[in-house]
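> There's a structure below that I have some questions on.
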Amino acid sequence: MASTEDERPLKRTRQACEPCRRSASTTPLSPAVPRNSLTIPENTLLAGAPLNESSETQGLQLYLTYCNSQPLLLFPSRSSLASLGKRDEELMLAMEATGVRFRGQGVHDKAIQDEIKGKMERSCNMVMMRIAAGTVELSTIQTLCILSTLEFSAGHIIRAGSYTGLATHLMRHLKIEGLDNLGNLETERDERKLCYISLIMLQNLQGSLHPPEIGDSLDSLAAFDGSNSLLRSKWTSKGITSGSSSDNKLDIGISGTNVHTSELWALACKYASSHVGVDAHSPWSPRSDYALINFHHCEHESLMPLRFRLHASRFQDHPPAELQAHRDYWGPWLFFQMVWHAVPCIANHPFLLSMRLRKFRRTMPQSFLRNSFEQLTFHSGWVIHFLELIEAKSFEVSDPTIGQCVAIVATIYLQHSFVEDQAFNKKAQLGFEKCLKFLRNMGRRWPHIDRQVGQLEKLRDSVAPGGLATDSGTPAAFHLHQKWSVNLQLLWRVLVYAHASNTSDTSSDIFGPELAKDSVGHSSDPSAGAITERDFSLIGSAGISGHQTVASECVTYPPDQLEDPTQGGGQPSPTIDISGLQGDPNVELPGSDTLFLQLQDYGRAFEDWLSINPS
């Protein structure tokens, strides 16, 4: 994990957490697959590898390798071309249009762009003809799911939403038996059930297509908590969401668990896109949307099977060939990890919090300031850590939702790139560049991620000095610091997934010339309301420490003490006996100047303690 260093008033520096070191021979090679089945699947193709098959076969195989269960599990896990058999042409075309982007330079290749566009248009025409003729089959609904994903990436937000809505409307009129008894989705062979669950997930991933009304942020977030889905089933309300003990809860596998991870993501998207009224609850209020997200975030983690944690899965111990051979596990596993760490980054994002602090004047609780900053740096640091792991393993991430997670974290590092502390801002600049590097690679596959790269670069270029500000702690003391301005509309556009994906050309979406010029709907940028450049003076500050509600003289942490303030003499430093801790005997202390365990060491010790059987 990577971490950041803080500036005044958040003074403490946190060292980077090293990944847990355990012998790979003592852990299973893959939590999802037994040892004796660790073979590379037939016809597995690496992107850019020489291919002898026809273009159609290449596209289908690339879809199965890079897209199935990443994120939508439309076909049984580890399906092959042979097991799929003959399919309706519109479905094959949609799969090919998705798969061919993982060939060579992807959408940066004009020929591949044209191929994708042609296959999408033919597939859409065939689907519409089936609907008009009344000959809809399961493949029609599967095709609509894939087309919705493709249109979303192309920037056609309204069209993507219409495909999702149409697929939902068709699915809700079907009777599907056995949803109450679904187990591990990796063993499920019924494609009707898989399509049903995939549509739930698709709705959640595109949750920001329908932003709530102004002033309704909390009510809309509470209503969106999965209960308003047209496809809500008994299965999605049991298992990890039942609140049962870990001994009794149902393990539905990484793909099934990620349906619930997608609900957490949708909640965060709603939070980011909400217009916050002046009468909104303070973020530290238990009735606020901020508190609601924190509750669901902790609840999701508490019910997540421990085998999906980093120290149990041991992603870093697997050779690249094994990771590639089991993308149907590691792709969803990375989705869970990245989304889970991105959600607190959204909730504690300085810009989004600033909108919820407009009516407060110098009343910020110092504990909230500290906790918010720690959550921001802790989780953004973990995202960077995973980017480093992904690069070290040469693992190509294919799920575009992960790209949005990285883009959100990039804006945090951009803000911290302008702090006065040189060590802090240098680390932030490196973090921002790592995010851009990852997104540039992913942008070869997904157009909307490529647009995010351009928007982040424009956002960086929009940061400009805005004069000097004075922080006066006492009448006799003051501190001058540089103020910065930034393009708020562009920042908002990056943070809200649907706005980031949308193209500026409304005529390329679903409306004709007469309506295109008047279309606003879900594709327009929301207004930033009463927030102005002057109010958002957080560029160059750590987290929200530069917000006007924070008293400039506040002290978040106690001063470092080497002597007892009451005795006036030196006291020996206390020692910590860790010999009784259960867990890895080779745990190293994070540095010679401290005896405190790192955060992941606490987590491992706590999980080991939970696993002890009482005598």
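Mind the numbering: the sequence shown is residues 1 to 615 in the UniProt record's numbering, read in order.
Cβ coordinates follow ideal geometry from the N, Cα and C atoms, glycine included.
If we require 4 or more residues per run, which alpha helix (DSSP H) segments fall completely within the segment 56 to 137?
Correct list: 81 to 84, 89 to 99, 110 to 133.
> Between the Cα of residue 448 and the Cα atoms of 371, 188, 407, 422, which residue gives the shortest distance?
407
> Report the option in 512, 254, 498, 463 whose CA atom is closest to the CA atom of residue 488.
463
> So which of 194, 144, 200, 185 has the shortest CA-CA distance to residue 121?
144
> Taking three-plus beta-carbon pairs below 8 Å as touching, is the segment 172 to 192 in contact with the segment 254 to 261?
yes
> Roughly how many angstroms separate the alpha carbons of residue 155 and residue 508, rounded to a whole number?
The straight-line gap from Cα to Cα measures roughly 9 Å.
> In terms of DSSP beta bridges, what is residue 484 paired with?
465
> Closer than 7 Å by C-beta to residue 617: which residues in its own chain qualify, once you throw out the five before and the five after it? Chain order, please.
Residue 617 lies beyond the residue range present for the chain, which begins at 1 and ends at 615; the question has no answer from this structure.
> Give the single residue among 395, 266, 404, 428 whose Cα lies nearest to the Cα of residue 66.
Per the Cα distances, 395.
> Spatial neighbours of residue 127 within its chain, please: C-beta separation below 8 Å, excluding the five flanking residues on both sides.
90, 140, 143, 144, 147
> Taking DSSP as the reference, what is the three-state secondary structure of residue 282?
coil
> Please say whether residue 413 and residue 428 have beta carbons closer to each other than 8 Å?
Closer than 8 Å, so yes.
> Between residue 86 and residue 380, what straight-line distance do the alpha-carbon atoms span, to the nearest angstrom?
45 Å
> Under the three-state reduction of DSSP, which class applies to residue 348: helix, strand or coil?
Three-state result, residue 348: coil.
> Quick check: what's the CA-CA separation for residue 510 versus residue 149?
15 Å
> Which residues in the same chain have their Cβ closer than 6 Å to the Cβ of residue 383, if we skip the five residues on either side of it in sequence?
Closer than 6 Å at the Cβ level, and outside the excluded window around residue 383, lie 341, 409.
> Buried or exposed for residue 188, please, with buried defined as at least 16 other CB atoms from any protein chain shown within 10 angstroms of its CB.
buried
> Looking only at its chain, what residues have a beta carbon closer than 6 Å to the beta carbon of residue 266, apart from the 5 residues adjacent to it on each side?
204, 207.
> Does the Cβ-Cβ distance between residue 73 and residue 198 come in under 8 Å?
yes
> Using only the alpha-carbon positions, how far apart do residue 496 and residue 279 sit?
Cα to Cα, residue 496 sits roughly 23 Å from residue 279.
> Kindly indicate which three-state DSSP category residue 174 falls into: helix, strand or coil?
coil
> Give the secondary structure of residue 213 by DSSP, where H, G and I count as helix, E and B as strand, and everything else as coil.
Low confidence applies here, because residue 213 scores a pLDDT of 37, under 50, leaving its location unreliable and the question unanswered by this model.
> Going by the CB atoms, is the gap between residue 454 and residue 399 shorter than 8 Å?
no
> Verify whether the separation of the beta carbon atoms of residue 402 and residue 334 is less than 8 Å.
Yes, these two residues count as a Cβ contact at 8 Å.
> When you compare each of 273, 262, 438 to residue 387 by their alpha carbons, which one comes out closest?
438
> Look up residue 404 in the DSSP assignment and say whether it is helix, strand or coil.
helix
> Please classify residue 296 as buried or exposed, where buried requires at least 16 neighbouring CB atoms within 10 angstroms.
buried
> Restricting to runs no shorter than 3 residues, where is the beta strand (DSSP E) found entirely within the segment 308 to 337?
none
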